[in-house]
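Everything on this sheet refers to the single structure shown next.
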Amino acid sequence: MPSQEPSLLPRQEQRYVGQNVILHRGDMANTDGWVEDTFVEITYDLATTNNALVVTSNMQNSFPCFGSTDVPIKHDAETLCTTTMPLSFTNQRSKMGQNAQVSIDSLQVGAFYRPSSDEVTAYADSTSPVPFRRSPCPGLNSLANHGHIPRSGKNITHESLGAALMSVFNFNSNLTQILLNQVPATFSLDIISRHNVLEHDASLVHNDEYFGGDPININETLVEDQLSRSLDGKTLGVTEVGETRRDRLAECRANNPECVFGSNQTTFSYLEAAVFIVGCGGNVNESVTVEAAHSFVWEERIPDNYVASKEPVSFSYMQSVMTKLLAYA
1 MPSQEPSLLP
11 RQEQRYVGQN
21 VILHRGDMAN
31 TDGWVEDTFV
41 EITYDLATTN
51 NALVVTSNMQ
61 NSFPCFGSTD
71 VPIKHDAETL
81 CTTTMPLSFT
91 NQRSKMGQNA
101 QVSIDSLQVG
111 AFYRPSSDEV
121 TAYADSTSPV
131 PFRRSPCPGL
141 NSLANHGHIP
151 RSGKNITHES
161 LGAALMSVFN
171 FNSNLTQILL
181 NQVPATFSLD
191 IISRHNVLEH
201 DASLVHNDEY
211 FGGDPININE
221 TLVEDQLSRS
231 LDGKTLGVTE
241 VGETRRDRLA
251 ECRANNPECV
261 FGSNQTTFSY
271 LEAAVFIVGC
281 GGNVNESVTV
291 EAAHSFVWEE
301 RIPDNYVASK
311 EPVSFSYMQS
321 VMTKLLAYA
């Protein structure tokens, strides 16, 4: 135990919701390496919180959402769920620790849990012992993070993915089947990372394979660039996404000596862009809000206020959006 109380520094906070319990899944560290891979468990009165469970916390000089072991913290969606306290474990240490166990399978469908970086991989066909698989596709990862497809990202069937695409995004059966045809009948999300099969260079938010790194890693600079292009400061439409798509390819050709972008890559990349606008945007005015885009792409989380398209989305409609995007190529 350090002689002085350390300053906790947040590295990566994840949160998810179970029935009557919120578990903060975090990777908290300090300059002395005192605590890593910690779990914090707090029991809440869900009637009091009205299920307004999406909270944020400044962990500097405080534990997140951590109060008395006997009295749940009362809060609402607009109150930071933070209790400042001396930075020592004392009476609370039993609540935290590397050996804490969490049953992910007990989470209800729709509850959010995003695996931390040390328990997930998106390397194609990985044999890593880590429990979770993810892909370079934020939409698929979001479905897994909310349990609409297996949270592990493994052994996903056409049946489960098809049901998720139709129920969450209201894609019609024809569009859904076309998307399902791109993957095996049973698969794990990491196969999406196979280079120049579905995954491709000149991604909107990922580095090219040439530059290395786990395909799950999101380039924050690219995300910020995409979001900052909003013409009205609120939404991203065909113009903003089409111009970004064009610029990413130009950057690839200029900086990646192994840049590949043929007809297959063109088809998949523009279909992805159309799905981003229409699917993540709920098919509203061929645009996605900056808020929703950030949630899906950066947090890989379905926004709490997300509403799917009122009408089933068809492949022919997606093609029309692709055509508009290609006009900026």
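Counting along the sequence shown from 1, when you hit position 248 you're at 248 in UniProt numbering, and nothing is skipped either side. Glycine included, C-beta positions come from ideal geometry on N, C-alpha and C. A quick note: this is a predicted structure, and the numbers were derived from the prediction, not measured.
Span of the beta strand (DSSP E), counted from its first residue to its last, around residue i
| i | result |
| --- | --- |
| Leu204 | Run containing Leu204: none; DSSP gives neither H nor E here. |
| Val288 | 287–289 |
Per DSSP, cross-strand counterpart(s) of residue i
| i | result |
| --- | --- |
| Ile156 | Phe187 |
| Phe132 | Val120 |
| Phe171 | Val313 |
| Val284 | Ser287 |
Neighbourhood of residue i by C-beta distance below 8 angstroms, restricted to the same chain and skipping five residues each side
| i | result |
| --- | --- |
| Lys324 | Val238, Gly242, Glu286 |
| Gln226 | Leu204, Val205, Leu236, Glu240, Val241, Thr244, Ala293, Val297 |
Best match in the options for proximity to residue i [C-alpha to C-alpha]
| i | options | result |
| --- | --- | --- |
| Val312 | Asn174, Ala202, Pro215, Gln182 | A small correction: the amino acid at residue 312 is Pro; Val does not occupy that position in the sequence shown. The shortest C-alpha separation from Pro312 is found at Asn174. |
| Met322 | Glu300, Gln226, Ala254, Phe276 | Phe276 |
| Ser316 | Ala254, Glu199, Asp225, Ile178 | Ile178 |
| Ser116 | Arg133, Thr266, Phe296, Ser126 | Arg133 |
| Ser309 | Asn255, Gly282, Glu300, Tyr270 | Gly282 |
| Ile137 | Ser269, Ser167, Val109 | First, the residue type needs correcting, since residue 137 is Cys and not Ile in the sequence shown. Nearest of Ser269, Ser167, Val109 to Cys137, Cα basis: Ser269. |
| Glu159 | Gly139, Val183, His146, Asn141 | Val183 |
| Ser263 | Asn155, Leu271, Ser188 | Leu271 |
Contact under 8 angstroms by Cβ, residue i with residue j
| i | j | result |
| --- | --- | --- |
| Ile191 | Ala124 | yes |
| Val260 | Asp304 | no |
| Arg246 | Ala329 | yes |
| Arg301 | Ser193 | no |
| Val290 | Lys234 | yes |
| Val109 | Gly147 | yes |
| Ser320 | Asn172 | no |
Neighbourhood of residue i by C-beta distance below 7 angstroms, restricted to the same chain and skipping five residues each side
| i | result |
| --- | --- |
| Asn219 | Val205, His206, Asn207 |
| Ile104 | Tyr113, Arg151 |
| Gly162 | Thr176, Leu180 |
| Val223 | Val205, Val297, Trp298 |
| Leu198 | Gln182, Ile192, Phe268 |
Start and end residues, alpha helix (DSSP H) containing residue i
| i | result |
| --- | --- |
| Leu236 | Segment 235–237 is the beta strand (DSSP E) holding Leu236; no alpha helix (DSSP H) there. |
| Ser142 | 138–145 |
| Val275 | 263–280 |
| Phe315 | 315–326 |
| Thr221 | 220–228 |
Nonlocal neighbours in the same chain, by C-beta distance under 6 angstroms from residue i, ignoring five residues either side
| i | result |
| --- | --- |
| Thr49 | Caution applies to Thr49, whose pLDDT of 34 falls short of 50 and renders its modelled position unreliable; the model cannot decide the point. |
| Gly279 | Phe169 |
| Arg253 | Cys259 |
| Ser126 | Asp190 |
| Glu209 | His195 |
| Ala327 | none |
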